[in-house]
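The numbering of the sequence shown is our numbering, which starts it at 3 and goes up by one. C-beta: ideal position from N, C-alpha, C; glycine also.
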Amino acid sequence: MKIIITKDYEELSAKAAEVLLGVVEQNPRAVLGLATGTTPLGLYARMIADHRENGTDYSQIRTVNLDEYKGLPEMHGQSYAYFMRKNLFEGLGITPGQTNIEDGTAEDAKQECARYDALLEALPRDIQLLGLGSNGHIAFNEPGTPFGSGTHVVALAESTVKDNARLFKDISEVPRKAFTMGIRQIMQAKKVLILASGANKAEAVYKMVKGEVTEKVPASVLQLHPDCTLIADEAAGGKL
Ligand code: F6R
3 MKIIITKDYE ELSAKAAEVL LGVVEQNPRA VLGLATGTTP LGLYARMIAD
53 HRENGTDYSQ IRTVNLDEYK GLPEMHGQSY AYFMRKNLFE GLGITPGQTN
103 IEDGTAEDAK QECARYDALL EALPRDIQLL GLGSNGHIAF NEPGTPFGSG
153 THVVALAEST VKDNARLFKD ISEVPRKAFT MGIRQIMQAK KVLILASGAN
203 KAEAVYKMVK GEVTEKVPAS VLQLHPDCTL IADEAAGGKL
């Protein structure tokens, strides 16, 4: 794993933008695997600023997102589909037809997982962007998820529900289940970029990079990826 430690979140976001823009410049038809959460917001803001200033073209880009809350429709203000539209796609002129995410309202969850598995096979990702859960999760693959997993429905760990409660009015509103891309599929991306910011991620960063490769720490699987880069700020990288 290539490791870049930055002095702060601003520098982390700038370095991450360099990587993403590099992929798009090299291949204007690239497939980008994207993440939600707080960590990529600085990166997304930079991509939007670059698009405005330099006209980087996203008209042929396709995107695939990691996960979606089960039960939330795409127009719901807390859905990940909504998050992506508001924080990235609208700013880059990326149309809904270019994007892919699990359908949180799918009645047949098994069928929805099979649909997403087939889609991921058909759309090999040039890069997969990841955030890191404080418990070591990647996407919503919580500790104990088999490394061979495909798209599945997950019951969120209590720590994840607590971490995500800050984005809801009340913790009781946080959905308890989500659709997530599996670990096997994260590993299939040609390139992986994982971002970690803040002292609350330091333990997870340490276990991911220096710990044993174990399903107890889902992110530790990234030690086995042939082209994975971690960008962490000093606070998140503090235990390395
Ligand atoms: C988001 C996702 C999650 C987050 C992780 C970190 O699509 O799959 O794994 O990347 O929970 O979240 P933040 O960035 O909010 O700390």
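For ligand 1, any of its heavy atoms closer than 7 Å to the Cβ of residue i?
| i | result |
| --- | --- |
| Gln141 | Reading off the sequence shown, one finds Ala at residue 141, where the question assumed Gln. Flag set: Cβ of Ala141 near ligand 1. |
| Thr38 | yes |
| Leu224 | no |
| Asp235 | no |
| Asp105 | no |
| Tyr71 | no |
| Leu134 | yes |
| Thr65 | no |
| Tyr11 | no |
| Leu2 | Nothing about residue 2 can be reported from this structure: the residues present for the chain run from 3 to 242 only. |
| Leu68 | yes |
| Tyr82 | yes |
| Thr101 | no |
| Thr147 | no |
| Thr296 | Past the boundaries of the shown model lies residue 296; the chain is included only from 3 to 242, so the question cannot be answered. |
Tell me residue i's beta-bridge partners as DSSP assigns them.
| i | result |
| --- | --- |
| Val156 | Ala180 |
| Tyr71 | Ala180 |
| Thr8 | Asp235 |
| Asn102 | Val66 |
| Asn143 | Ile140 |
Looking at the unbroken alpha helix (DSSP H) that takes in residue i, where does it start and where does it end?
| i | result |
| --- | --- |
| Ala50 | Residue identity differs from the one stated: residue 50 is Ile in this sequence, not Ala. Ile50 -> alpha helix (DSSP H) spans 43 to 56. |
| Lys17 | 11 to 28 |
| Tyr82 | 82 to 86 |
What residue range does the beta strand (DSSP E) around residue i cover?
| i | result |
| --- | --- |
| Arg64 | 64 to 67 |
| Ile233 | 230 to 235 |
| Leu242 | Where Leu242 is concerned, there is no enclosing beta strand (DSSP E), given that its DSSP letter is neither H nor E. |
| Leu34 | 33 to 36 |
Self-check item: Cβ pair count under 8 Å reaching 3, the region 178 to 189 against the region 150 to 157
Solution: yes
Exercise. Please determine if the region 123 to 141 and the region 189 to 208 are in contact, where contact requires at least 3 C-beta pairs separated by less than 8 Å.
Key: The region 123 to 141 vs the region 189 to 208: in contact.
Quiz item: At which residue ranges does the region 160 to 205 contain complete alpha helix (DSSP H) runs of 4 or more residues, listed in the order of the chain?
Solution: Within the region 160 to 205, the complete alpha helix (DSSP H) runs of at least 4 residues are 160 to 166, 185 to 190.
Practice problem: Count the CB pairs spanning the region 50 to 63 and the region 91 to 99 that are closer than 8 Å, and state whether there are at least three. | Solution: Put simply, the region 50 to 63 touches the region 91 to 99. At least three CB pairs are less than 8 Å apart.
Self-check item: Segments of 4+ residues assigned as alpha helix (DSSP H) that fall wholly inside the region 106 to 135
Solution: 111 to 124
Self-check item: Sufficient close CB pairs (3 or more, under 8 Å) joining the region 48 to 55 to the region 81 to 88
Solution: Verdict: no, contact absent.
Self-check item: Cβ contact check for the region 136 to 144 and the region 112 to 122: 3 or more pairs under 8 Å
Solution: no
Quiz prompt | Three CB pairs or more closer than 8 Å across the region 4 to 19 and the region 217 to 235 | solution = Taking a contact to require three or more Cβ pairs closer than 8 Å, the region 4 to 19 and the region 217 to 235 qualify as touching.
Self-check item: Three-pair Cβ contact test at 8 Å for the region 207 to 220 versus the region 169 to 181
Solution: no
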